[in-house]
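Encoded as structure tokens, the structure appears first; notes follow it.
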Amino acid sequence: MSLEEDIAGQRLQRIQEIEALGFKAYGHRFDATDSIPELVVNYESATAEELEEEAVSVRVTGRIKTIRRMGKAGFAHLQQGGAGFQIYVRRDNVPPEDFTLYKKLLDIGDIIGVEGKLFRTKTNHLSVMVEKLHFLSKTLLNMPEKWHGLEDVETRYRQRYLDLIANPGVLQVFVTRSKIISSLRRQLEERKFIEVETPMMQPVYGGAAARPFMTHHNTLDIDLYLRIAPELYLKRLVVGGMERVYEINRNFRNEGISTQHNPEFTMLEFYQAYADYQVLMDFSCELLRQTAIDATGSAQVDYQGTVLDFGNIRRLTVREAIIEFWKDGEAPTLEQVKDPAWLGRHSKKATPGEMLVEIFEEVVEEQLIQPTIVHDYPIENSPLSKNKPDEPAFVERFEIYAAGMEIANAYSELNDPQEQRRRFEMQLGMLERGDEEAHQMDEDYLRAMCYGLPPTGGEGIGIDRVAMLLTDSKSIRDVILFPLLRPEPPIGLAERLRELDK
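For the sequence shown, counting from 1, position 35 maps to 28 in the working numbering; every step adds exactly one.
Below, the structure written as structure tokens:
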């Protein structure tokens, strides 16, 4: 029998003893008056005299973190919501069965409720003088050593529940993530945007350059794709008269996994009729600045030892960025960056636009540490963007970078159906040349455009990457509760519990 099986067997035996005392091993409703974080905030500064005079009665729950038994009395620490609180159990202050439960049958990790009054110990620790114990849930497996021994990355991601128990800072990451989403939603709704939902299974995938996941609907006998982006559906809504629309959505892309990529991820996409990419540049600066303040308290945040200033987002064209961040000898001139011959010496791509983007991605991206807007991209890599009037080979598009990562992509939407058809055909040519991420032809979207898409600006912001930056998380897996992992071998826990049940 393994150690884990032996521990589970002991704990199952204790369940019988707990229930013999009149408790339920897996209890029911418990009406708490406070949470542990609230107690800490509300009473941390209260003196012993103030607590005694006020006679503060509380009912609180928590998971047992430590137990210190000392004859006729003892202490325990409960944890809840990332905060800890001390309780004091004295034999002559609780019913006999409660003291027996505390003295002999509680294990670290068990979940209990307590009733009692707040007081300060002789060493001035804020505590609950317990008057009644409630048993709420038994743990059958050992907690990580001292609750701070869970450092194995694979285990942390695979058993996020244990990660949240053992590493209280992890909970704060996801509290901050929630604040990010709340801030973005509030700011959009203050500007009269309407939140919508669009299909996650689509007959034609589009709206981004990515490989999709495919599934099959048996009743309709059709292949469907998990969406790589909601863009084309959101723009259909703009055609229909929903002039400011947004979706906080899950996207799925069948691509590699890295510290910046997870096949399932969260995006904010929004579209504003009668706006262009210049309007969205100004809006994005305010949106990200306020989101940083709402989530962290400041527009300046520390990320991996560098202070990122979301209150000061600079702007560069793609060409200007290549010139500024060139690191292979003397920086090129603007004339050189425009010259197809010069581009051809630094890239093997087929067209000048594709060459320019490849050079930018290889030379510039990783150096864009401070929040930066990079704008004016070639047409080849922007099949849904509006041409620049003064340079038709380029489009009105920008991306936002920080800490070497792209965190947003936006453009003035192409609203000419004939030009959109030509762009789709260009993408089909790229697909034939082996570009697996080229865009498909979407004839229904073309039909929608034929009814008139007003001039529109649209943008997508990567929630996961913004959360990385605002929580100082090095990997995207640290800000996704359940990131995709290879399946682990069967652990046989159900069979072991079945054997122990005999």
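Note that beta-carbon positions come from the ideal geometry of N, C-alpha and C, so glycine has one too.
List in chain order: all unbroken alpha helix (DSSP H) runs of 4+ residues lying wholly within the stretch 38 to 78. 41 to 47
Quick check: what's the CA-CA separation for Q329 versus L336? 8 angstroms
As an exercise, report each continuous alpha helix (DSSP H) stretch of at least 4 residues that is fully enclosed by the stretch 97 to 176, in chain order. 146 to 151 and 153 to 159
Three or more C-beta pairs closer than 8 angstroms, one from the stretch 288 to 299 and one from the stretch 253 to 271: is that the case here? no
With a threshold of 8 angstroms on Cβ separation, who are the neighbours of T169 within its own chain once the five nearest residues in sequence on each side are excluded? A288, T289, A460, L463 and T464
If T93 and L14 are in contact, beta carbons under 8 angstroms, what's the gap, nearest whole angstrom? 6 angstroms
Quick one: give me the first and last residue of the alpha helix (DSSP H) that Y496 is part of. A query on residue 496 cannot be resolved here, the shown segment of the chain reaching from -6 to 495 and no further.
Using 8 angstroms as the threshold, is the C-beta distance between R243 and M194 below it? no
Since R416 and L407 are thought to touch, with beta carbons under 8 angstroms apart, how far apart are those beta carbons, to the nearest angstrom? 7 angstroms
How many Å lie between E436 and G199 at the Cα? 11 angstroms
Can you give me the C-alpha to C-alpha distance between M419 and D214, rounded to a whole angstrom? 30 angstroms
Given T326 as reference, the closest of A334, R312, E124 and K320 once Cα atoms are compared: R312
Taking D295 as part of the alpha helix (DSSP H), name the residues at either end of that continuous run. D295 -> not in any alpha helix (DSSP H); beta strand (DSSP E) instead, spanning Q293 to Y296.
Rounded to whole angstroms, what's the CA-CA distance from A266 to I241? Just pull it up for me. 18 angstroms
Check whether the Cβ atoms of L119 and E37 lie closer than 8 angstroms to each other. yes
Helix, strand or coil at M(-6) [DSSP, three-state]: Low per-residue confidence applies at M(-6): pLDDT is 46, beneath 50, and the placement is therefore not dependable, though the value from the model is reported in the following sentence. In the structure shown, M(-6) sits in coil (DSSP, three-state: anything other than H, G, I, E or B).
At which residue ranges does the stretch 241 to 266 contain complete beta strand (DSSP E) runs of 3 or more residues, listed in the order of the chain? 257 to 266
Can you have a look at F475 and say buried or exposed, based on whether 16 or more other CB atoms are within 10 angstroms of its CB? exposed
In this structure, how does DSSP classify K381 when only helix, strand and coil are distinguished? strand
Report yes or no: do the stretch 150 to 162 and the stretch 18 to 28 share at least 3 C-beta pairs separated by less than 8 angstroms? no
Do you know how far the Cα of Y239 is from the Cα of E412? 25 angstroms
Just the C-alpha distance for A285 and Q79, rounded to the nearest angstrom, thanks. 34 angstroms
Go to L349, then tell me how far its alpha helix (DSSP H) extends in each direction, as first and last residue. P345 to V356
On a CA-only basis, which of A39, S277 and D409 is nearest R308? Give me that one, please. S277
Residues near A487 in its chain [Cβ-Cβ closer than 7 angstroms; skip 5 each side]: none
So, at 6 angstroms on beta carbons, what are the nonlocal neighbours of N402 in its own chain, with the 5 sequence-adjacent residues on each side left out? E392 and G453
Around the C-beta of G102, are 16 or more other C-beta atoms found within 10 angstroms, so that it is buried, or is it exposed? buried
Along the alpha helix (DSSP H) that carries E436, what are the first and last residues, could you check? E436 to C443
Give the secondary structure of D302 by DSSP, where H, G and I count as helix, E and B as strand, and everything else as coil. strand
So, at 8 angstroms on beta carbons, what are the nonlocal neighbours of R62 in its own chain, with the 5 sequence-adjacent residues on each side left out? Y95 and K96
Since Y370 and F387 should fall inside the 8 angstroms C-beta cutoff, what is the C-beta to C-beta distance between them, to a whole number of angstroms? 7 angstroms
Ends of the alpha helix (DSSP H) at G500? Since the displayed the chain opens at -6 and closes at 495, residue 500 lies outside it and no answer follows.
Please state if the CB of P161 and the CB of G75 are separated by a distance shorter than 8 angstroms. yes
Can you give me the C-alpha to C-alpha distance between G67 and E492, rounded to a whole angstrom? 36 angstroms
Taking just the CA atoms, how far does G397 sit from K185? 32 angstroms
Are the CB atoms of A314 and V350 within a distance shorter than 8 angstroms? no
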